[in-house]
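*Asks:*
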Amino acid sequence: MLPSTPSTVTVVKDSAGRYFASFVVETGPSEVLPTTAPQLGIDLGLGHFAVLSDGTKVDSPRFLRRAEKRLKKAQRALSRKEKGSRNRDKARLKVARAHARVADARREFHHQLSTKLIRENQAVAVEDLSVKGLARTRLAKSIHDAGWSAFVSMLEYKAARYGRTFFRIGRFEPTSQVCSVCGVKDGPKSLHVRIWTCGACGAVLDRDVNAAVNVAKAAGLAVSACGAQVRPGLVPAQRGEAGTPVTVFVAPQWGLRPSGPA
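Residue numbering for the sequence shown follows this note's numbering, starting at 2 and increasing by one per position.
#1: Taking Cβ to Cβ, would you say VAL210 is nearer than 8 Å to ARG169?
#2: Opposite THR9 in the DSSP bridges: which residues?
#3: Taking ASP44 as part of the beta strand (DSSP E), name the residues at either end of that continuous run.
#4: Can you look up THR116 in the DSSP assignment and give me helix, strand or coil?
#5: Do LEU222 and SER181 come within 8 Å of each other at the CB atom, strictly closer than that value?
#6: Where does LEU3 land, buried or exposed, given buried means 16+ other C-beta within 10 angstroms?
#7: Mapping the DSSP letters down to three states, classify TYR20 as helix, strand or coil.
#8: Grouping DSSP H, G and I as helix and E and B as strand, with all else coil, what is GLU128?
#9: With respect to the alpha helix (DSSP H) encompassing ASP55, which residues constitute its N-terminal and C-terminal limits?
#10: For ASP60, does the three-state DSSP call read helix, strand or coil?
#11: Enumerate in chain order the residues of its own chain whose CB-to-CB distance from ASP129 is below 8 Å, with the five nearest sequence positions on each side excluded.
#12: Can you name, in chain order, every residue of its own chain whose Cβ lies under 6 Å from the Cβ of LEU135, other than the five neighbours on each side?
#13: Count the CB pairs spanning the stretch 76–89 and the stretch 114–127 that are closer than 8 Å, and state whether there are at least three.
#14: Contact check, PHE152 vs HIS100 under 8 Å by CB: the rounded distance?
#15: If you measure from the CB of SER23, is any heavy atom of the ligand SAH nearer than 7 Å?
#16: Measure the Cβ-Cβ separation of GLY42 and VAL214 and say whether it is below 8 Å.
#17: Grouping DSSP H, G and I as helix and E and B as strand, with all else coil, what is PHE167?
#18: Identify which residue in GLY188, GLY203, SER177 has its Cα closest to the Cα of ALA217.
#19: At the level of alpha carbons, what is the spacing between LEU235 and ALA220?
#20: Distance check for GLU157 and ALA263, CA to CA, integer angstroms please.
#21: Between which two residues does the alpha helix (DSSP H) carrying ASP146 extend?
#22: Which residues mark the beginning and the end of the alpha helix (DSSP H) in which ASP209 is found?
#23: Which whole-angstrom value is the C-beta distance of VAL12 and ALA22, which I expect to be below 8 Å?
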């Protein structure tokens with residue numbers, strides 16, 4: 002049931018032949034979630050979709066990879082159909098629907114995970130990844146399959162909607178090179194190095210968890226995973242008008258870029 006009478010209704014048809022109705026309605030103030038203590042750094046990747054500063058690892062569902070055989074079969078069937086024929090139109094729809102199922106599954110995964118993280122944490126921080134640059138490498142297909150940009154956008158708007166805090170840290174922060182226990186920079190490491198020992202303090206570190214802890218610390222968030230030193234978290238200012246949560250930060254170090262609602 003809609004919260005109010007729609008001012009406009011738009012019906013659209015997508016490339017897979019599906020129809021969608023879009024309603025513009027007036028709503029009341031957004032729900033503001035109760036304040037909670039946890040604050041989280043997130044390291045996005047391909048082996049695991051996300052590794053969190055509390056040590057949690059979220060497996061990558063690889064929706065596109067899992068559907069590759071079905072997609073290739075549908076694409077081959079399309080290429081054999083005569084151009085301009087009804088059978089080709091049917092085959093084209095079959096390919097489009099197969100791709101739509103992959104996109105829908107990925108979007109649902111992003112929604113469920115982003116909602117869970119925003120509900121359970123007062124603040125979240127992620128690295129501002131250069132997705133366009135990475136998409137030009139041999140990892141392009143895997144990066145497209147992960148859909149990092151869409152996931153981060155969901156985190157950002159849900160944080161603004163529900164009164165949580167959200168940070169993107171600079172993409173050049175050496176999150177995988179710095180020991181999260183003692184803070185000493187240990188230098189670049191090959192991608193195959195997943196566990197390393199800090200030469201300064203002797204701490205044995207999981208590469209991805211260490212990076213997630215450093216993401217949180219770069220954003221000024223309090224973290225305690227892997228024995229990392231705890232730093233005070235940022236305190237949000239009072240919100241503005243009801244239904245429009247606004248958070249203001251003063252965080253000049255580490256090249257922080259605070260984010261609030263548009």
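Just so you know, even glycine gets a beta-carbon here, dropped at the ideal spot from N, CA and C.
Just so we're clear, the structure is a prediction, and the values are computed from it rather than from any experiment.
*Replies:* So, to answer that:
#1: Contact: no.
#2: Looking at the DSSP assignment, THR9 forms a beta bridge with VAL25.
#3: Unbroken beta strand (DSSP E) run through ASP44: 40–45.
#4: Assigned with DSSP and collapsed to three states, THR116 falls in helix.
#5: Their beta carbons are not under 8 Å apart, which means SER181 does not touch LEU222 by this criterion.
#6: Within a 10 Å sphere around the beta-carbon of LEU3 sit fewer than 16 other beta-carbons, which makes this residue exposed.
#7: Strand.
#8: When secondary structure is reduced to three states using DSSP, GLU128 falls in the strand class.
#9: Unbroken run through ASP55: none, as it is neither H nor E.
#10: Strand at ASP60.
#11: Counting only residues of its own chain and dropping the five nearest sequence neighbours on each side, ASP129 has a CB closer than 8 Å to the CB of ARG169, ILE170, GLY171, ARG172, ARG258.
#12: Its chain contains ILE144 as the residues whose beta carbon lies nearer than 6 Å to that of LEU135, once the 5 sequence neighbours on both sides are disregarded; these appear in chain order.
#13: At 8 Å Cβ cutoff, the stretches do not touch.
#14: Not really, about 19 Å apart at Cβ, beyond 8 Å.
#15: In the structure shown, the ligand SAH is absent, as is every other ligand, since no ligand is present at all.
#16: Yes, they are a contact pair.
#17: PHE167: strand per DSSP, three-state reduction.
#18: Minimum Cα distance to ALA217 is reached at SER177.
#19: Per-residue confidence for LEU235 stands at a pLDDT of 39, beneath the threshold of 50, marking its modelled position as unreliable; the derived number appears in the next sentence. Roughly 9 Å separates the two Cα atoms.
#20: Reliability of the predicted coordinates at ALA263 is poor, the pLDDT of 39 falling under 50, and the value obtained from them is presented with this limitation in mind. Going by the C-alpha atoms only, they are around 10 Å apart.
#21: For ASP146, the enclosing alpha helix (DSSP H) starts and ends at 141–147.
#22: ASP209 -> alpha helix (DSSP H) spans 208–219.
#23: Between VAL12 and ALA22, the beta carbon gap of about 5 Å places them in contact (Cβ cut-off 8 Å).
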